[in-house]
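Engineer: Input: one structure, supplied below.
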Amino acid sequence: MKITEILKNKKANLSFEVFPPKTLTNYESVLNAVKGIAELTPDYISVTYGAGGGTSDYTVSIAKEIKSLGITPLAHLSCISHNKSDVREKLVQLKEAGVENVLALRGDLPENFAGNLDYRYANELVEDVKKFGGFCIGAACYPEGHPQSQTLFSDIEHLKRKADSGCDFLTTQMFFDNDIYYSFLSKVQASGIFQPVIPGIMPVTNAAQTKRITSMSGTYLPTRFRRIVDRFGNNPLAMKQAGIAYATEQIIDLYANGIKAVHVYCMNKPDVAAAIKANLSEILC
Ligand code: FAD
2 MKITEILKNK KANLSFEVFP PKTLTNYESV LNAVKGIAEL TPDYISVTYG AGGGTSDYTV
62 SIAKEIKSLG ITPLAHLSCI SHNKSDVREK LVQLKEAGVE NVLALRGDLP ENFAGNLDYR
122 YANELVEDVK KFGGFCIGAA CYPEGHPQSQ TLFSDIEHLK RKADSGCDFL TTQMFFDNDI
182 YYSFLSKVQA SGIFQPVIPG IMPVTNAAQT KRITSMSGTY LPTRFRRIVD RFGNNPLAMK
242 QAGIAYATEQ IIDLYANGIK AVHVYCMNKP DVAAAIKANL SEILC
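So this note's numbering is basically just the index in the sequence shown, starting at one, shifted up by 1.
Okay, structure coming up:
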């Protein structure tokens with residue numbers, strides 16, 4: 002099913018993200034995690050695309066497995082390390098696998114990047130996926146601004162070009178303060194972007210994740226969140242419980258404010274996904 006169709010449903014939607022294995026050795030364990038997450042019957046499961054395209058074959062095969070488990074897959078595809086013929090080949094593979102949803106990304110610039118004659122920005126990939134035809138197309142957005150953009154305002158200008166290239170929906174980078182998302186949403190709509198902006202929520206279940214998040218994306222960590230990490234970071238079980246509770250609160254607040262779909266970055270952890278889903282059991286009815 003296309004994600005645009007899923008979003009038309011009246012009920013609140015919940016979806017999860019998984020990442021593919023880096024090597025064949027890990028394939029079975031990732032597949033088991035995917036099966037555990039699929040058992041929770043989310044509205045869809047997204048599968049990321051390895052930086053540089055290195056694990057791209059596994060993205061297609063994991064998306065195919067998700068579909069065979071009866072869940073709608075959303076396959077990520079990044080273009081910065083590909084030319085147009087690589088992209089076309091990937092789209093053919095996805096179509097043959099019955100995958101109907103693609104999240105079109107530029108990808109992070111590789112080290113010593115020498116330029117790409119075919120793709121510079123994600124909007125060019127969105128255009129090509131649109132021309133290829135048949136896919137529901139998503140793209141990424143950044144409530145706090147993309148780390149390479151000079152201002153949030155210029156990032157939203159570029160986002161507008163991407164949205165106008167043929168996006169059906171957008172998914173956000175993680176955030177830990179919902180007011181940042183609400184403020185972004187109003188700026189985006191004021192810029193004439195009316196596609197659904199699906200919030201991405203990350204349950205932080207260990208202290209090490211926090212360091213990675215801030216160093217990679219510079220995401221703002223509210224005091225309330227930092228106190229949790231300071232107090233429980235050395236106690237793995239307590240940190241996990243508190244991280245799940247924090248993410249649950251964010252999700253409930255989003256639904257309470259009329260947001261219909263939430264995407265959870267559950268890091269291939271079925272137990273975390275299950276705990277979030279259980280916390281929302283009456284809300285998702
Ligand atoms: P773009 O939309 O191209 O934007 C990149 C930067 O260029 C921004 O600063 C933007 O403001 C600027 N820009 C855009 N267009 C122009 C223009 N025409 N002129 C000048 N500047 C412009 N990475 C992966 O490798 N694999 C994944 O599976 C993956 N999944 C993700 C999922 C989500 C929901 C998110 C939020 C990110 C994901 N990423 C993934 C990370 C993403 O690839 C990086 O953040 C990357 O640096 C930007 O990708 P983009 O598609 O947002 O790029």
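Built from N, CA and C at the ideal position, the CB exists for glycine as well. Since we're looking at a predicted model, the values are computed, not measured.
1. Within 10 Å of its beta-carbon, does Q151 have 16 or more other beta-carbons around it, so buried, or fewer, so exposed?
2. Using a threshold of 7 Å, is the CB atom of H83 nearer than that to any non-hydrogen atom of the ligand FAD?
3. What does the alpha-carbon distance come out to for the pair P200 and L104?
4. Along the alpha helix (DSSP H) that carries P223, what are the first and last residues, could you check?
5. If you reduce the DSSP assignment to three classes, tell me which class F170 lands in.
6. In its own chain, which residues sit with a C-beta less than 8 Å from the C-beta of A274, not counting the 5 before and 5 after it?
7. Give me the Cα-Cα distance between S166 and G139, rounded to the nearest whole angstrom.
8. Locate the alpha helix (DSSP H) running through P271, then write down its first and last residues.
9. Let me make sure I understand the geometry here. Which of Q94, H83, N102 and Y50 has the alpha-carbon closest to that of P74?
10. Under three-state DSSP, which class holds M175?
11. Spell out a yes or no on whether the stretch 152-165 and the stretch 183-193 are touching, meaning 3 or more CB-CB pairs, one atom from each, closer than 8 Å.
12. With a threshold of 6 Å on Cβ separation, who are the neighbours of T173 within its own chain once the five nearest residues in sequence on each side are excluded?
13. Cα separation between T206 and A276?
14. When burial is assigned at 16 or more other CB atoms within 10 Å of the CB, is V130 buried or exposed?
15. Determine the direct distance from the alpha carbon of T24 to that of G234, and round the result to whole angstroms.
16. Just to confirm, does A52 get its C-beta within under 7 Å of one of the non-hydrogen atoms of the ligand FAD?
17. Taking Cβ to Cβ, would you say Q196 is nearer than 8 Å to F154?
18. I'd like to know whether the C-beta of Y256 is nearer than 8 Å to at least one C-beta of chain D.
19. For P237, does the count of other Cβ atoms within 10 angstroms reach 16, so buried, or fall short, so exposed?
20. Please confirm whether any heavy atom of the ligand FAD lies closer than 7 Å to the CB of T173.
21. May I have a chain-ordered list of the beta strand (DSSP E) segments no shorter than 3 residues that lie completely inside the stretch 15-94?
Structural biologist: In short, the structure shows the following:
1. Per the 10 Å Cβ criterion, exposed.
2. Flag unset: Cβ of H83 not near the ligand FAD.
3. Roughly 14 Å between the two C-alpha positions.
4. Counting along the chain, P223 falls outside any alpha helix (DSSP H), and DSSP gives it neither H nor E.
5. Here F170 sits in strand by DSSP.
6. F17, G37, I38, L41, P43, V265 and C267
7. Rounded to the nearest whole angstrom, the C-alpha separation of S166 and G139 is 11 Å.
8. Looking at the DSSP string, the run of the alpha helix (DSSP H) that includes P271 is P271 to N280.
9. N102
10. In the displayed model, M175 falls within a strand according to three-state DSSP.
11. yes
12. C142, P144, P200 and G201
13. 12 Å
14. Buried.
15. 30 Å
16. yes
17. By the CB criterion at 8 Å, Q196 and F154 fall outside the cutoff.
18. Looking at the structure shown, chain D is missing, and only one protein chain is on hand.
19. exposed
20. yes
21. As for any beta strand (DSSP E) of minimum length 3 sitting wholly inside the stretch 15-94, the runs are 46-48 and 74-79, ordered along the chain.
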